[in-house]
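Peer 1:
Protein chains: 2
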Amino acid sequence: MALPRAARTQRRTRIQEAKEEQILEAALEVFSLHGFRGATVDQIAEVAGMSKPNLLYYFRTKEAMHRALITRVLDTWLDPLREFDAEGNPVSEIRSYIRRKLEMARDFPRESRLFANEILQGAPNIEDELKGPLKSLVDEKAEVIRVWAKAGKIAKCDPYHLIFSIWSTTQHYADFDVQVRAVLGQDQAGDGRFEDAARFLEQLFLTGLHVSEQPA
Amino acid sequence: MALPRAARTQRRTRIQEAKEEQILEAALEVFSLHGFRGATVDQIAEVAGMSKPNLLYYFRTKEAMHRALITRVLDTWLDPLREFDAEGNPVSEIRSYIRRKLEMARDFPRESRLFANEILQGAPNIEDELKGPLKSLVDEKAEVIRVWAKAGKIAKCDPYHLIFSIWSTTQHYADFDVQVRAVLGQDQAGDGRFEDAARFLEQLFLTGLHVSEQPA
DNA sequence: TGATAATTTGACCGGTTGGTAAACATTACA
DNA sequence: TGTAATGTTTACCAACCGGTCAAATTATCA
Numbered sequence: 002m003a004l005p006r007a008a009r010t011q012r013r014t015r016i017q018e019a020k021e022e023q024i025l026e027a028a029l030e031v032f033s034l035h036g037f038r039g040a041t042v043d044q045i046a047e048v049a050g051m052s053k054p055n056l057l058y059y060f061r062t063k064e065a066m067h068r069a070l071i072t073r074v075l076d077t078w079l080d081p082l083r084e085f086d087a088e089g090n091p092v093s094e095i096r097s098y099i100r101r102k103l104e105m106a107r108d109f110p111r112e113s114r115l116f117a118n119e120i121l122q123g124a125p126n127i128e129d130e131l132k133g134p135l136k137s138l139v140d141e142k143a144e145v146i147r148v149w150a151k152a153g154k155i156a157k158c159d160p161y162h163l164i165f166s167i168w169s170t171t172q173h174y175a176d177f178d179v180q181v182r183a184v185l186g187q188d189q190a191g192d193g194r195f196e197d198a199a200r201f202l203e204q205l206f207l208t209g210l211h212v213s214e215q216p217a
Numbered sequence: 002m003a004l005p006r007a008a009r010t011q012r013r014t015r016i017q018e019a020k021e022e023q024i025l026e027a028a029l030e031v032f033s034l035h036g037f038r039g040a041t042v043d044q045i046a047e048v049a050g051m052s053k054p055n056l057l058y059y060f061r062t063k064e065a066m067h068r069a070l071i072t073r074v075l076d077t078w079l080d081p082l083r084e085f086d087a088e089g090n091p092v093s094e095i096r097s098y099i100r101r102k103l104e105m106a107r108d109f110p111r112e113s114r115l116f117a118n119e120i121l122q123g124a125p126n127i128e129d130e131l132k133g134p135l136k137s138l139v140d141e142k143a144e145v146i147r148v149w150a151k152a153g154k155i156a157k158c159d160p161y162h163l164i165f166s167i168w169s170t171t172q173h174y175a176d177f178d179v180q181v182r183a184v185l186g187q188d189q190a191g192d193g194r195f196e197d198a199a200r201f202l203e204q205l206f207l208t209g210l211h212v213s214e215q216p217a
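Here the protein sequences line up with chains A and B, keeping their order.
Letter by letter, the first sequence follows residues 2 to 217 of the numbering used here.
Letter by letter, the second sequence follows residues 2 to 217 of the numbering used here.
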């Protein structure tokens, strides 16, 4: 009799580690494309290259898989905001935050879509994480921005909506990729649109906040 | 023997009109929340307050329902962009475009989520509409913006990414509503966040484009 | 009114879904 | 090496899915 995942008290086999990785990678692929309800366990098993019962040996339910995936991804997803430094120069902090978020949209579009799907469908499984850790982190960084504005280092503005607008504009290039490609046409083969977007967003936000040429 | 929807050559009964309306309203509710694959016909039937076979009498397949809904909504969804006037004053045109888009996010969040779901999942059913009518309209308006920039009426910028950024920032308040509420906290009962967002976005875009105080 | 067409329903169907049972295979380790 | 724990597979199930069918009900109108 096997007690797979729940009984993992301390030690994890090499096999466990490898297979769980393999499964979460496949789950990311499928969930990010079809959402929770639209994804099927068979599909994930096929992408992961294993049988369905074998997959369910490591994650006992589809929901457990989804939970594990979301919590892991959420953590790395917030890294760019964590790096936002109160001691830094507002210009370079905001600029590099935008750049990092845009790079994530380019390099990890599936992670972005996974969240988008979850939030879009009412975030039934991560409401607590949103109201807890996420809100705390945003509150902290919003305060930094507020102080910068108060000190005249950037224009007075609502820091929360500033953060929202950076999130939405950058993630747009991952979540709405199909639309972006359709509108721009497929002339440009590579990632040219990301460089154009970076230039545009930098101009928009830095000029929009009166911080284009402020010294450190 | 009845030939329901396909045979509607010219006349439509009052009943037909009412029931189809009732169904599309319910379909909007369900599709916008769960996406195409996640939605079930039974669910839509229940929300519409009728039996499943009765619903399928008016729309023969789930896909037909979805198609009808998407094409109808897409049309009204692009209205704000259509109103964008080449002859108008750039300041007021951009300002009122942002305001209209934000009002739609506030008043028709389900329509916004319907599209977001569709695009997010690769737009399998509306790729043609994106590459055709949508692209044409955007091309036309982008040209207007380009001319404005060339004439020095607004800052030089990539018009396509400008449009993308207006779309993403405004629709964010519909598509990611749960997240926005979670971060802001539920202190504010009403639509205060929309007014704050309007103020912020106006400042961001108009200042960011050097058009804050330009006369007509 | 009566007959014809339009609408609605309950019963049902084949395929897919998430998940299970138990036999079989492999690994870890004393 | 032996054996117990871990890992894998085949066969399967009940619930749910989109959709059909024929019978029953209701609206239309000569």
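Cβ coordinates follow ideal geometry from the N, Cα and C atoms, glycine included.
Computed from a prediction, not measured in an experiment: that's the story for all the values here.
Assuming residue 202 of chain A and residue 155 of chain A make a contact with CB atoms under 8 Å, what is their CB distance in whole Å?
Peer 2: That belief does not hold up - the Cβ atoms of residue 202 of chain A and residue 155 of chain A are roughly 16 Å apart, past 8 Å.
Peer 1: Pull up the distance between the alpha-carbon of residue 193 of chain A and that of residue 165 of chain B, whole angstroms please.
Peer 2: Spanning the two alpha carbons is a distance of roughly 15 Å.
Peer 1: Quick test of your reading: residue 29 of chain A and residue 115 of chain A, contact by CB under 8 Å. State the CB separation rounded to the nearest angstrom.
Peer 2: Contact holds; Cβ gap of about 6 Å.
Peer 1: Is it buried or exposed for residue 93 of chain B, if we count other Cβ within 10 angstroms and need 16 for buried?
Peer 2: By the 10 Å Cβ count, residue 93 of chain B comes out exposed.
Peer 1: What did DSSP end up calling residue 162 of chain A once you bin it into helix, strand or coil?
Peer 2: DSSP places residue 162 of chain A in helix when its eight states are reduced to three.
Peer 1: Starting from residue 128 of chain A, find everything on chain B with Cβ-Cβ shorter than 8 Å and list it in chain order.
Peer 2: Per Cβ cutoff of 8 Å: 179, 183.
Peer 1: If we count Cβ pairs, one from each stretch, closer than 8 Å, do we get three or more for the region 146 to 161 of chain A versus the region 135 to 147 of chain B?
Peer 2: Counting Cβ pairs under 8 Å, fewer than three are found: no touch.
Peer 1: Take every Cβ of the region 65 to 76 of chain B, pair it with every Cβ of the region 124 to 131 of chain B, and state whether three or more of those distances are shorter than 8 Å.
Peer 2: Short answer: they touch.
Peer 1: Going along the region 135 to 147 of chain B in order, which residues come within less than 7 Å of chain A, judged by CB to CB distance?
Peer 2: The region 135 to 147 of chain B vs chain A, Cβ under 7 Å: 135, 136, 139.
Peer 1: If you measure from the beta carbon of residue 58 of chain A to each beta carbon in chain B, is any gap under 8 Å?
Peer 2: Chain B, which has no Cβ nearer than 8 Å to the Cβ of residue 58 of chain A, makes this no.
Peer 1: Buried or exposed for residue 73 of chain B, please, with buried defined as at least 16 other CB atoms from any protein chain shown within 10 angstroms of its CB.
Peer 2: So residue 73 of chain B counts as exposed.
Peer 1: Determine the direct distance from the alpha carbon of residue 34 of chain A to that of residue 119 of chain B, and round the result to whole angstroms.
Peer 2: Those two C-alpha atoms are separated by around 10 Å.
Peer 1: I need the straight-line Cα distance from residue 169 of chain B to residue 15 of chain A, nearest angstrom please.
Peer 2: Roughly 43 Å separates the two Cα atoms.
Peer 1: Out of curiosity, what's the CA-to-CA distance linking residue 161 of chain A and residue 54 of chain B?
Peer 2: Whole-angstrom Cα-Cα distance: 48 Å.
Peer 1: Starting from residue 113 of chain A, trace the alpha helix (DSSP H) in both directions and tell me its first and last residue.
Peer 2: Per DSSP, residue 113 of chain A belongs to the alpha helix (DSSP H) from 110 to 121.
Peer 1: Reducing DSSP to helix, strand and coil, say where residue 88 of chain A ends up.
Peer 2: If DSSP states are grouped into helix, strand and coil, residue 88 of chain A belongs with coil.
Peer 1: Closer than 9 Å, Cβ to Cβ, to anything on chain B: give me those residues from the region 159 to 170 of chain A, in chain order.
Peer 2: Residues passing the 9 Å Cβ filter: 159, 161, 162, 163, 164, 165, 166, 168, 169, 170.
Peer 1: Could you confirm whether any beta carbon from chain A is found closer than 8 Å to the beta carbon of residue 23 of chain B?
Peer 2: With 8 Å as the cut-off, residue 23 of chain B does not count as an interface residue toward chain A.
Peer 1: Helix, strand or coil: how does DSSP classify residue 55 of chain A here?
Peer 2: Residue 55 of chain A falls in the helix class under three-state DSSP.
Peer 1: Could you compute how far the alpha carbon of residue 167 of chain A sits from the alpha carbon of residue 99 of chain A?
Peer 2: About 7 Å.
Peer 1: From the DSSP output, in three-state form, read off residue 19 of chain B for me.
Peer 2: Correct three-state label for residue 19 of chain B: helix.
Peer 1: Over the uninterrupted alpha helix (DSSP H) stretch that includes residue 279 of chain B, give me the two end residues.
Peer 2: Look at the range of chain B in this structure, 2 to 217, and you will see that residue 279 of chain B is not part of it.
Peer 1: Do residue 117 of chain A and residue 80 of chain A have their C-beta atoms within less than 8 Å of each other?
Peer 2: For residue 117 of chain A and residue 80 of chain A, no; Cβs fall outside 8 Å.
Peer 1: Report the rounded CA-to-CA distance for residue 63 of chain B versus residue 42 of chain B, giving the unit in angstroms.
Peer 2: So the alpha carbons of these two residues sit roughly 7 Å apart.
Peer 1: Using a beta-carbon distance below 8 Å, is residue 122 of chain A in contact with chain B?
Peer 2: So yes, residue 122 of chain A belongs to the interface.
Peer 1: Please report the straight-line C-alpha distance between residue 208 of chain A and residue 89 of chain A, rounded to a whole angstrom.
Peer 2: Computed Cα separation, rounded: 19 Å.
Peer 1: Measuring alpha carbon to alpha carbon, tell me which of B:86, B:87, B:82, B:111 ends up nearest residue 102 of chain B.
Peer 2: The shortest C-alpha separation from residue 102 of chain B is found at B:82.
Peer 1: What first and last residue would you give for the alpha helix (DSSP H) that runs through residue 72 of chain B?
Peer 2: 63 to 78 is the extent of the alpha helix (DSSP H) around residue 72 of chain B.
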